[in-house]
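Residue numbers (full-length UniProt numbering): 1 to 320. Cβ coordinates follow ideal geometry from the N, Cα and C atoms, glycine included. Have a look at the structure below before the remarks.
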């Protein structure tokens, strides 16, 4: 296992290098000057030249890339063109909020999708199964921005149950448990918006896996021994049917850092996704590079975690 993990980690290095080269090239080819919208049209030429020198934009693209790569490896993500502060400081303010949003969305996903998938598989081709299947297809096809606006209208405007903007109550003075509950209150709607598509996906995975496990020989053997249906389901069916979800869980862990660009924008949620959109709009290339690279690395590591977890829960899988 150690050799496999080491080999996989070493294998991610050329992938990360390739991603960084492609991303840097695309940003270099983008039209316009990253400083154009931040300078007065009558700005002095010497001042503009000095500003480009400060940000390293006066160097050739290849030299700019190697300068950025050296700093990135050392944990220095550069200075934001737009906000004139260190990129790592910008990210440290927002990354915790995005991870919190992602974790709550995952909790909603598992709490809702797994019971619904089991229920659907226990009554296949019934009215209930067809209803849940139709609801899953609707969840698959519903754009996240539409789902977010719908939740805002129903539970924000009409019922007034949940706030639909921000991540916490401003100047509330909350501490401890009160602060945590306030954060949860604000994250409910964006987390549910994120969870809708995942619930539809996981529901179908669980249903298919449970039906497949029920048709296996070990399940028929358990029934022939006189075990009750509930024991068969709990000890034999679910233990094997939920194994594929481990892979999805590892991948979802990798996506936590990316947040939800559209969802955070709709809800005015001050996370990494919202910062990403703002940085693309303002051509804040150091922030775009940092967020994209961190997300890529998180997804690669998440896939590795998924493979490791799969080997732990399924003894048939061996990594030499």
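Among the options, whose alpha-carbon lies nearest the alpha-carbon of residue i?
{"i": "residue 144", "options": "93, 264, 18 and 122", "result": "264"}
{"i": "residue 197", "options": "33, 173 and 105", "result": "105"}
{"i": "residue 243", "options": "164, 207, 222 and 137", "result": "207"}
{"i": "residue 167", "options": "69, 72, 123 and 266", "result": "266"}
{"i": "residue 66", "options": "134, 21 and 165", "result": "21"}
{"i": "residue 307", "options": "170, 247, 231 and 238", "result": "247"}
{"i": "residue 79", "options": "285, 310 and 304", "result": "285"}
{"i": "residue 238", "options": "74, 46, 249 and 115", "result": "115"}
{"i": "residue 186", "options": "152, 233 and 124", "result": "152"}
{"i": "residue 140", "options": "127, 241, 130 and 204", "result": "204"}
{"i": "residue 212", "options": "121, 5, 309 and 33", "result": "121"}
{"i": "residue 202", "options": "23, 110 and 300", "result": "110"}
Look up residue i in the DSSP assignment and say whether it is helix, strand or coil.
{"i": "residue 211", "result": "helix"}
{"i": "residue 245", "result": "helix"}
{"i": "residue 57", "result": "coil"}
{"i": "residue 227", "result": "coil"}
{"i": "residue 64", "result": "helix"}
{"i": "residue 125", "result": "coil"}
{"i": "residue 239", "result": "helix"}
{"i": "residue 165", "result": "coil"}
{"i": "residue 172", "result": "coil"}
{"i": "residue 201", "result": "helix"}
{"i": "residue 252", "result": "helix"}
{"i": "residue 155", "result": "helix"}
{"i": "residue 284", "result": "coil"}
{"i": "residue 182", "result": "helix"}
{"i": "residue 116", "result": "helix"}
{"i": "residue 96", "result": "helix"}
{"i": "residue 34", "result": "coil"}
{"i": "residue 160", "result": "coil"}
{"i": "residue 137", "result": "helix"}
{"i": "residue 322", "result": "Here the chain comprises residues numbered 1 to 320, so residue 322 is not present and cannot be evaluated."}
Taking all protein chains shown into account, do 16 or more other C-beta atoms lie within 10 angstroms of the C-beta of residue i, making it buried, or fewer, making it exposed?
{"i": "residue 161", "result": "exposed"}
{"i": "residue 274", "result": "buried"}
{"i": "residue 31", "result": "exposed"}
{"i": "residue 136", "result": "buried"}
{"i": "residue 138", "result": "exposed"}
{"i": "residue 124", "result": "exposed"}
{"i": "residue 82", "result": "buried"}
{"i": "residue 190", "result": "buried"}
{"i": "residue 214", "result": "buried"}
{"i": "residue 96", "result": "exposed"}
{"i": "residue 249", "result": "buried"}
Go to residue i, then tell me how far its alpha helix (DSSP H) extends in each direction, as first and last residue.
{"i": "residue 22", "result": "2-29"}
{"i": "residue 220", "result": "217-224"}
{"i": "residue 145", "result": "144-151"}
{"i": "residue 279", "result": "272-281"}
{"i": "residue 264", "result": "261-266"}
DSSP has residue i in a bridge; who is on the other side?
{"i": "residue 86", "result": "79"}
Please confirm whether any heavy atom of the ligand SAH lies closer than 8 Å to the CB of residue i.
{"i": "residue 274", "result": "Annotation note on the ligand SAH: not contained in the displayed structure, which lists no ligands."}
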